[in-house]
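Below is one structure; the comments refer to it alone.
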Amino acid sequence: MLENKNIILGVCGSIAAYKSAILVRLLVKAGANVKVILTADAANFITPLTLATLSKNPVYTQYFDAETGVWSNHVELGLWADFMVIAPASANTLAKMATGICDNLLTAVYLSAKCPVFVAPAMDLDMWKHESTQQNIEKLLSYENEVIPPGKGELASGLYGEGRMAEPEEILSFLNEAAKKGLPLLGKKVLVTAGPTYEAIDPVRFIGNHSSGKMGFAIAAVFADLGAEVTLITGPTAEKATTAIKRIDVVSAADMLEACKAEFQQSDIMVMSAAVADYTPVTAASQKIKKTNPEFSLELKKTEDILATLGQTKTAQQILVGFALETENEEAYAKAKLSKKNLDLIVLNSLNDKGAGFKGDTNKITIFNKAAEKVVFETKSKNEVAKDICNEILKLALSAS
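Numbering (UniProt numbering), first residue to last: 1 to 401.
Quick look at the structure:
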């Protein structure tokens, strides 16, 4: 959800400042662009170099550099940010924010920011419980800031109680939820399949195909950006999914079928983009087959059709989307598959189209609906094709709601 989001992280003077390094790593891993502002006291707990290295951006510590005369424009920083997070937020900085005191770069950027602001307080339990701190928290909430509550545990003083800064993973979760607000598929569950399946011949060899999984992974990423709760069931692939996506790895067609059955009932939208094997060996040898004979025969049996199985059980409220990869009579085969398997949409790939098919970074598609209406798209990157597919599905979902 934080892909390409601009995030200002403010770090205050607190022993919890060491956690800011973990938070920066999590934000960068989630695809965010991160700029860090350290207060003077924060630099006593964690060095600017550490956070600059992790964020891949210079760290801001003051209004201007006395040696170079370079000015840090607090207004530009405030307007750049999609989110501002102050973690750890000390009692001192919370008081300044609540009363409008602007005596350092962090508080100046806070007053200039037009984006949602999150604070993750960190202090000793008596400081946290003090009436003045609680009044400051109430003021900040009345200004439409969001407070990520501190946890309870062992504190730096040796005491036990409330005041520990929320863990970086919890802060990341707050930001992910904030990024979802207003998104069209918030609250919807989407199931996507991707990649090939491998059907074992023996412990070494298998029957497979050339699918890379790129298309399915791109579709899953777009749905996550639209606010959906995405489950991605994938065959063997080198592709990586973001932490916002629940990933389930499988190997064979039978594995994928069972995983789909387990996730299908609670899913609102299902996009079956995996290249599932049509046939599998009747038996797989327990040991590697030796090449002693000049000829080798392999008996195959049909795998269960995952798309047809799901189509038989889907409800009127569910949307089921299939893919057809064809080399001849493309439109006729795609339309027949759409009808026979009770699909709402089918995405046609033709290997006769330049730039379409497996492994490459581009694709060319045509989408058919139940009324046999078609939408033809130009050759595009698979990321852009994924957006086209998801937009057509989104139109269908919104029209049905």
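Beta carbons: idealized from backbone N, C-alpha and C, even for Gly. Since the model is a prediction, treat every value here as computed from it, not as a measurement.
According to DSSP, what are the bridge partners of residue i?
i      : result
Ser381 : Thr362
Ile22  : Paired residues: none, contrary to the question.
Val282 : In DSSP, Val282 forms no bridge with anything.
Leu27  : Answer is none; Leu27 lacks a bridge partner.
Met84  : Ile8 and Val117
Please report how far the alpha carbon of residue i lies from the alpha carbon of residue j, in whole angstroms.
i      : j      : result
Glu76  : Leu51  : 20 angstroms
Gly151 : Tyr160 : 11 angstroms
Ser90  : Asn136 : 12 angstroms
Leu307 : Lys314 : 10 angstroms
Glu299 : Ala200 : 12 angstroms
Glu378 : Asn6   : 31 angstroms
His130 : Asp124 : 10 angstroms
Ala400 : Ala316 : 10 angstroms
Asn342 : Asp305 : 13 angstroms
Leu398 : Tyr279 : 37 angstroms
Glu169 : Glu229 : 18 angstroms
For a quick check, are the C-beta atoms of residue i and residue j less than 8 angstroms apart?
i      : j      : result
Ala220 : Ile245 : yes
Val36  : Ser14  : no
Ile207 : Val85  : no
Thr303 : Ala277 : yes
Phe264 : Met272 : no
Ala324 : Ala334 : yes
Gly227 : Leu155 : no
Val109 : Ile8   : yes
Ala253 : Lys382 : no
Leu26  : Phe83  : no
Ala122 : Pro88  : yes
Thr242 : Gly31  : yes
Among the candidates the options, whose CA atom is the shortest distance from the CA of residue i?
i      : options                           : result
Ala120 : Asn383, Ala386, Lys314 and Glu162 : Glu162
Glu373 : Leu345, Asn104, Leu141 and Ala98  : Leu345
Val250 : Cys260, Leu140, Val24 and Glu167  : Cys260
Thr286 : Asp202, Ala254 and Asp82          : The sequence given here places Ser at residue 286; Thr does not occur at that position. Ranking the options by Cα distance to Ser286, first place goes to Asp202.
Phe45  : Ala228, Lys288, Pro281 and Ala21  : Ala21
Met256 : Val204, Ala400, Pro149 and Thr309 : Thr309
Ala17  : Leu141, Ser132, Glu167 and Ser297 : Glu167
Pro236 : Val222, Thr243 and Gly213         : Gly213
Pro196 : Gly216, Ala179, Arg205 and Lys180 : Gly216
Leu38  : Leu185, Val204, Val28 and Leu49   : Leu49
Val28  : Met1, Ala43 and Val282            : Met1
Lys387 : Cys115, Glu146 and Val222         : Val222
Val34  : Thr53, Ala43, Ala42 and Glu326    : Thr53
So, with DSSP's three-state summary, where would you put residue i?
i      : result
Gly153 : strand
Ser267 : coil
Asn349 : strand
Ile367 : strand
Ile245 : coil
Tyr333 : helix
Val222 : helix
Ile46  : coil
Leu191 : strand
Phe118 : strand
Asp272 : Before going on, a small fix: residue 272 reads as Met here, not Asp. Met272: strand per DSSP, three-state reduction.
Thr309 : helix
Leu343 : coil
Ile15  : helix
Asn145 : coil
Gly161 : strand
Val204 : coil
Tyr60  : strand
Ala98  : helix
Leu300 : strand
Thr237 : coil
Leu172 : helix
Ile37  : strand
Thr53  : helix
Tell me, please, whether the CB atom of residue i is closer than 8 angstroms to any CB atom in chain C?
i     : result
Ala42 : You won't find chain C in this structure, because it holds only one protein chain.
Is residue i near the ligand GDP, judged by its Cβ being under 7 angstroms from some heavy atom?
i      : result
Leu185 : Questions concerning the ligand GDP fall outside what the structure shown contains, since it holds no ligand whatsoever.
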